[in-house]
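See below for the structure under consideration.
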Amino acid sequence: MHPCLTCGACCAHYRVSLHWSEAEPSLGGTTPVRFTEPCGPHLLAMRGTWQAKPHCVALIGAVGKAGGCSIYAQRPSPCRELKAAWEDGSPSAQCERARLAHGLPALGPQDWPLAKPVAA
Ligand code: SF4
Ligand code: SF4
């Protein structure tokens, strides 16, 4: 099983901010605006992530048990860009920090047994 499906830590650790156009259909934006709130002159934040203890409203399930994004296909660019550590053969400080903050072990290459080795 993909480690993100039993995690969700990054969705409950960081403020997820995005340009308002990502939630503007007339400009090609796909993120549902109802899941966002203004957080700056040109920025929105995913609701729930701009608070002392972030927890995105789109996150389904308990962190560390069954993390899932209810708007996966429409998630904003910061979520698309945050890579799970070692999925592509390289570390991810953001993934590691979020997991450790939730008491989860950092991922390592051993968590991707089916991944192809990175060419030297
Ligand atoms: S913290 Fe890492 S493993 Fe967990 S959901 Fe985010 S990218 Fe996936
Ligand atoms: S939009 Fe989805 S992937 Fe992004 S923080 Fe929220 S639950 Fe996580």
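Just so you know, the sequence shown maps onto residues 7 to 126 in our numbering. Ideal Cβ positions, reconstructed from N, Cα and C, are used throughout, including at glycine.
Any chain D beta carbon closer than 9 Å to residue i
{"i": "residue 31", "result": "Reference to chain D is not applicable here, since this structure consists of a single protein chain."}
Own chain residues within Cβ distance below 6 Å of residue i, not counting five before or after
{"i": "residue 89", "result": "98"}
{"i": "residue 82", "result": "24, 28 and 37"}
Contact test: residue i Cβ vs ligand 1 heavy atom, cutoff 8 Å
{"i": "residue 88", "result": "yes"}
{"i": "residue 9", "result": "yes"}
{"i": "residue 45", "result": "no"}
{"i": "residue 98", "result": "yes"}
{"i": "residue 73", "result": "yes"}
{"i": "residue 120", "result": "no"}
{"i": "residue 68", "result": "no"}
{"i": "residue 14", "result": "yes"}
Residue i: first and last residue of the uninterrupted alpha helix (DSSP H) it sits in
{"i": "residue 30", "result": "First-last for residue 30: undefined, no H or E at that position."}
{"i": "residue 112", "result": "First-last for residue 112: undefined, no H or E at that position."}
{"i": "residue 86", "result": "83 to 87"}
Continuous beta strand (DSSP E) stretch holding residue i: start and end
{"i": "residue 51", "result": "49 to 52"}
{"i": "residue 44", "result": "42 to 44"}
Own chain partners of residue i with C-beta closer than 8 Å, once the 5 adjacent residues on each side are dropped
{"i": "residue 27", "result": "33, 34 and 35"}
{"i": "residue 38", "result": "29, 77 and 80"}
Buried versus exposed call for residue i [16 or more other C-beta atoms within 10 Å across all chains shown]
{"i": "residue 52", "result": "buried"}
{"i": "residue 69", "result": "buried"}
Open item on the list: Residues around ligand 2, please: the ones whose beta-carbon is closer than 6 Å to some heavy atom of it, in chain order.
Closed with: Going along the chain, the residues that qualify are 17, 22, 52, 62, 64, 65, 75, 77, 81 and 85.
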